[in-house]
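Chains A and B are the protein sequences, given in the same order. With the first letter of the first sequence counted as 1, position 35 gets the number 34 in numbering that gives the first Met the number 0; the numbers rise by one all the way through. With the first letter of the second sequence counted as 1, position 456 gets the number 455 in numbering that gives the first Met the number 0; the numbers rise by one all the way through. Every residue gets a Cβ at the ideal spot worked out from N, C-alpha and C, and that includes glycine. Bear in mind the structure is a predicted one, so any value in this text is a computation, not a measurement. To start, the structure under review is shown below, and the notes come after it.
Protein chains: 2
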Amino acid sequence: MRVLIVGGVAGGASCAARLRRLSEAAEIIVFERGPYASFANCGLPYYVGDVIKEEKHLLVATPELFRDRFNIAVRTNTEVTAIHPETNRIELRDRQSGAETEEAYDALVLSPGAKPIRPPIPGVDLDGVFTVRTIPDSRRMRDWIQQTGARQAVIVGGGYIGLEMTENLVERGLGVTIVELQSQLMPILDPEMVEPLQAVVSRKGARVLLNDRATRFEPADGHRLRVQLGSGTAIETDLVVLAVGVKPEVELAVAAGLKLGSRGGIQVDDRMRTSVANIWAVGDAVEVLSPITGLSGPVPLAGPANRQGRIAADVIMGRDSRFRGVQGTAIVGLFGLALAATGPGEKLLRREGLWDGPLQCEKIYLHPGHHASYYPGASMLSFKLIFSKRDGRILGAQAVGKDGVDKRIDVIAMAIQKEATVFDLEEAELCYAPQFGAAKDPINMAGMIAANVLRGDSVLLHHEDLAATDAFILDVREPGEFRRGHIDGAVNIPLHQLRGRLDELPRDREIWAYCFVGQRSYYAARMLLQLGFRVRNLSGGFRTFSLQELVQSRQGAKT
Amino acid sequence: MRVLIVGGVAGGASCAARLRRLSEAAEIIVFERGPYASFANCGLPYYVGDVIKEEKHLLVATPELFRDRFNIAVRTNTEVTAIHPETNRIELRDRQSGAETEEAYDALVLSPGAKPIRPPIPGVDLDGVFTVRTIPDSRRMRDWIQQTGARQAVIVGGGYIGLEMTENLVERGLGVTIVELQSQLMPILDPEMVEPLQAVVSRKGARVLLNDRATRFEPADGHRLRVQLGSGTAIETDLVVLAVGVKPEVELAVAAGLKLGSRGGIQVDDRMRTSVANIWAVGDAVEVLSPITGLSGPVPLAGPANRQGRIAADVIMGRDSRFRGVQGTAIVGLFGLALAATGPGEKLLRREGLWDGPLQCEKIYLHPGHHASYYPGASMLSFKLIFSKRDGRILGAQAVGKDGVDKRIDVIAMAIQKEATVFDLEEAELCYAPQFGAAKDPINMAGMIAANVLRGDSVLLHHEDLAATDAFILDVREPGEFRRGHIDGAVNIPLHQLRGRLDELPRDREIWAYCFVGQRSYYAARMLLQLGFRVRNLSGGFRTFSLQELVQSRQGAKT
């Protein structure tokens with residue numbers, strides 16, 4: 000058995016190592032176009048930022064380790080230029096000598112990855128315009144920063160890589176401007192959950208230009224560049240980082256006649272088999288299915304790539320392993336804040352017409368402390384849970400805060416994997432000591448709030464409902480809180496006075512209650528519902544309302 | 000509807016608040032023997048340690064808040080002295096005035112909690128001998144420390160409270176001696192997982208006396224005490240903390256004819272109903288069922304107590320809520336280390352005869368970094384997973400380390416709740432950025448290691464198997480590692496030399512391979528198995544072996 004693997008990072012490397020564990024006899028050769036085999040892609044921004052000081056720390060496994068430990072040949076600087084499925088052969092070119100050769104395979108695994116999108120903007124190939132995908136990319140950027148004494152950077156794109164580069168360049172002392180086409184950072188997530196990042200970026204002195212795009216890069220004095228924006232602004236800078244996303248490397252696959260999926264990635268089945276016999280594909284280049292939405296597309300994440308590599312190896316060796324798809328768990332850290340998600344967000348579900356469709360989505364917000372409030376150091380966690388009104392099944396969650404974000408999203412990730420419902424979250428039994436959690440953990444709270452909705456104990460309203468209403472808006476916070484800011488037209492009756500002031504409430508129209516995070520107004524709503532009032536409760540309270548007001552003003556700025 | 004609640008902490012308070020949310024009309028009265036209603040029990044050690052500086056921070060809800068927010072009457076300093084189920088009445092005594100009264104109920108909820116065990120040791124009632132269960136307890140201890148200028152403390156009992164008190168008193172500058180009857184700290188958990196705590200306690204200068212007990216407390220000079228130990232040692236100290244566990248407060252329930260369970264707690268069904276009509280019971284006083292082992296007993300944890308209170312309220316108000324039992328998720332922090340568990344441990348399973356019984360238990364150990372090793376600051380997490388060999392179902396997990404312990408145990412807690420298998424852990428999709436996790440998270444690694452066992456890809460061995468064997472012990476680490484310590488009789492062949500030195504391995508007996516944590520030896524074992532050798536792999540490697548050697552020496556010290 001002779002297995003050839005194209006691409007030695009993440010999926011390819013995992014596949015190779017797993018193959019050896021399943022077969023001592025197989026001949027396994029990995030071809031890697033770049034100078035390195037398995038390296039830590041996700042560490043590159045931190046290498047540019049000098050948080051990771053040495054290149055060698057990024058090398059997960061060297062060709063020598065593959066050889067000595069696994070008896071696997073890794074040929075770096077070797078490009079696969081063609082696949083011939085009819086003869087089970089590939090063509091190769093040594094990128095240093097230019098020599099061209101061929102190799103035969105019994106099984107071929109494609110793990111070509113994805114490449115950074117380089118938008119067709121004039122000047123995109125100038126010196127000083129960088130992408131962050133490989134170690135040499137990152138080394139060049141490090142060198143450039145040092146040699147030019149760079150003080151300023153423009154980052155095009157406000158997604159994962161754009162934000163990680165922002166943190167790293169700011170911490171290195173550079174002034175950073177982020178240019179983002181959409182009206183929010185992290186366009187893949189829901190805008191109100193991203194707002195706290197916007198705030199921390201500004202506090203750190205970085206500039207964020209939303210609803211804007213780079214239209215031209217021009218040389219300026221010395222090594223410097225001028226970035227022309229669609230809005231008409233021009234920015235002079237020492238370097239530009241392109242971080243507008245990646246696209247699957249499919250040229251080789253297409254040339255070999257492999258089918259692509261609807262979103263441009265290589266089509267595979269749940270055994271990672273492509274449309275062509277004896278060829279598997281894994282990692283950022285393939286399309287994967289979401290077990291939640293049923294949608295397919297490329298999802299460039301290291302964890303799934305590694306698992307796909309294992310599964311391809313299993314299947315090649317005759318085992319019946321299946322890939323369960325990608326639910327989309329991801330996290331980004333930014334200046335001490337973390338923003339994480341698992342499952343689809345509201346923005347995606349609405350865009351795909353799934354929000355009000357068969358999934359019958361509902362959402363709740365909460366803003367609990369990340370641990371017991373009586374223990375010093377509790378910080379606020381903002382949490383959004385999306386679930387199906389049909390059966391309470393959890394569909395997705397997003398959270399942002401200083402601490403405990405990854406923990407809660409990981410618990411929800413496991414819950415989604417096991418098709419748990421919000422009722423399961425109510426009953427979850429999680430670690431509690433005051434420095435780690437709470438007797439009612441944010442996970443329990445989320446479950447309780449959502450279950451209250453499903454049981455009809457609580458009727459929610461959201462920011463978007465407030466646009467046009469003649470409801471009586473009731474603010475049950477304390478007068479001091481009300482004075483510091485409230486919803487236009489709201490009437491303030493503090494919760495503890497409510498039972499004595501019922502005659503101030505209307506019985507002929509709905510009462511829309513809110514407080515700061517939604518807890519006191521839930522108590523108020525329960526009381527009033529039982530007394531015959533018609534009441535709804537603003538999910539996430541004034542805190543979520545304020546975030547959504549900010550989102551709305553940014554979206555308004557676009558038009 | 001008139002609902003009386005006996006005990007206003009955790010379960011009782013949750014029940015009262017939930018009742019009001021379900022019924023605005025019900026009359027709800029809470030009777031609390033102590034001076035406070037709902038307070039943060041779990042914060043008391045940190046209040047003694049002055050981490051929590053003010054008593055008011057411990058008050059979750061005051062009687063005033065109950066009255067104003069929920070229209071619930073809380074009568075503090077009021078003891079319920081008798082229950083008359085035949086007439087649905089209770090007798091009360093005001094602890095300040097001594098006045099005795101009666102109240103009628105439609106529903107009665109008992110939430111009396113548990114009280115610290117005070118072993119019948121001579122001198123146990125002397126001044127300077129403290130327990131940590133109430134705010135007054137803790138205030139007295141704070142005052143005592145300050146007034147006597149205490150420099151030394153003896154803590155009797157090395158469980159949760161004993162260790163939290165150790166941390167807090169050491170951080171306050173006291174010299175601490177822990178006296179523990181068993182041969183390990185945290186006797187409820189598995190000894191090898193507790194070893195790292197033992198090390199950190201010693202590093203902090205606290206003394207741990209295992210296999211020993213306090214037999215007498217005597218007055219010494221001034222305010223001081225002399226603690227006589229079973230071993231013959233005597234220790235002079237400024238104060239003694241009794242932390243040898245709690246027992247359910249059942250006197251009132253027993254007098255009223257309520258049935259107890261086999262372990263001395265109040266017997267309840269899954270709707271929190273006692274054996275007597277119209278009486279419910281919740282919290283530390285009741286026996287709960289483990290959904291994993293089927294065993295029942297009292298489990299004093301705040302999270303379950305709160306959920307039980309909610310469920311009792313639901314059932315009283317005619318809803319069909321059920322309590323799913325307690326899986327036993329808990330955590331303790333100690334000088335920057337955390338030790339957490341969910342589900343039963345090996346010690347408990349063996350003691351109850353369940354290890355080799357129908358559950359068919361197996362265990363694996365791993366010691367991964369808490370996040371990607373290439374990002375600075377990764378610390379080692381030691382992790383033990385217990386699962387059923389029958390179907391891979393996860394039964395329990397324990398973890399210890401500096402960071403990320405609570406997160407992994409919470410994920411496993413959710414997995415256990417949803418009856419997940421080790422195969423699910425392999426495929427879990429968790430947050431990964433280098434500062435938060437790894438492309439293969441410790442959770443994935445645990446799943447892969449366990450699944451390898453179930454699929455027959457890996458045959459494990461454990462420390463206990465090494466006692467009597469004629470197997471060939473193969474150490475595949477580097478020579479430097481071998482020199483710093485190895486298993487007696489082991490032969491060192493580094494992994495990367497193994498393919499070239501096969502002739503040094505026996506074919507007529509088993510090869511037992513190990514490395515530092517079990518990964519390299521797994522690679523070795525896979526290779527050798529395929530080459531026809533009979534191989535087993537030491538789970539957790541030399542790291543787990545060393546912990547278990549320490550455990551063995553402590554257990555040996557007992558006999």
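How is residue i classed by DSSP in three states: helix, strand or coil?
| i | result |
| --- | --- |
| residue 165 of chain A | helix |
| residue 42 of chain A | helix |
| residue 322 of chain A | coil |
| residue 348 of chain B | helix |
| residue 439 of chain A | coil |
| residue 541 of chain A | helix |
| residue 123 of chain A | coil |
| residue 418 of chain B | coil |
| residue 387 of chain B | strand |
| residue 364 of chain B | strand |
| residue 502 of chain B | helix |
| residue 451 of chain B | helix |
If distances are taken between C-alpha atoms only, which option among the options comes closest to residue i?
| i | options | result |
| --- | --- | --- |
| residue 66 of chain A | B/498, B/246, B/512 and B/536 | B/498 |
| residue 95 of chain B | B/111, B/243, B/104 and B/75 | B/75 |
| residue 199 of chain B | B/232, B/100 and B/333 | B/333 |
| residue 445 of chain B | B/369, B/484, B/16 and B/161 | B/369 |
| residue 219 of chain A | A/85, A/125 and A/520 | A/125 |
| residue 191 of chain B | B/547, B/556, B/217 and B/29 | B/547 |
| residue 316 of chain B | B/6, B/25, B/5 and B/11 | B/25 |
| residue 554 of chain A | A/214, A/184 and A/379 | A/184 |
| residue 485 of chain B | B/512, B/506 and B/78 | B/512 |
| residue 339 of chain B | B/312, B/112, B/164 and B/406 | B/406 |
| residue 379 of chain A | A/515, A/427, A/419 and A/416 | A/515 |
| residue 68 of chain B | A/528, A/520 and A/494 | A/494 |
Checking the sheet assignment: what are the DSSP bridge partners for residue i?
| i | result |
| --- | --- |
| residue 246 of chain B | B/114 |
| residue 400 of chain B | B/337 and B/380 |
| residue 480 of chain A | Answer is none; residue 480 of chain A lacks a bridge partner. |
| residue 490 of chain B | B/473 |
| residue 151 of chain A | A/174 |
| residue 515 of chain B | Answer by DSSP bridge pairing: none, since residue 515 of chain B is not bridged. |
| residue 129 of chain A | A/240 |
| residue 4 of chain A | A/29 and A/108 |
Evaluate residue i with the Cβ neighbour count: other Cβ atoms within 10 Å of its Cβ, from every protein chain shown; 16 or more gives buried, anything less gives exposed.
| i | result |
| --- | --- |
| residue 526 of chain B | buried |
| residue 409 of chain A | buried |
| residue 63 of chain B | exposed |
| residue 452 of chain B | buried |
| residue 381 of chain B | buried |
| residue 496 of chain B | exposed |
| residue 559 of chain A | Because chain A spans 0 through 558 in this model, residue 559 of chain A falls outside it and cannot be assessed. |
| residue 474 of chain A | buried |
| residue 454 of chain A | exposed |
| residue 505 of chain A | exposed |
| residue 146 of chain B | exposed |
| residue 106 of chain B | buried |
| residue 83 of chain B | exposed |
| residue 130 of chain B | buried |
| residue 103 of chain A | exposed |
| residue 313 of chain B | buried |
Beta-carbon of residue i versus every beta-carbon of chain E: anything under 8 Å?
| i | result |
| --- | --- |
| residue 14 of chain B | The structure shown contains no chain E; its protein chains are A and B. |
Next on the checklist: I'd like the ranges of any alpha helix (DSSP H) spanning at least 4 consecutive residues and lying wholly in the stretch 280-316 of chain A.
Outcome noted: 301-315
Checklist entry - In chain order, which continuous runs of the alpha helix (DSSP H) of length 4 or greater are located wholly inside the stretch 174-246 of chain A? => result 190-202
Checklist entry - If you scan the stretch 24-86 of chain A from start to end, which runs of the beta strand (DSSP E) of 3 or more residues do you find wholly inside it? => result 26-30, 72-74 and 77-83
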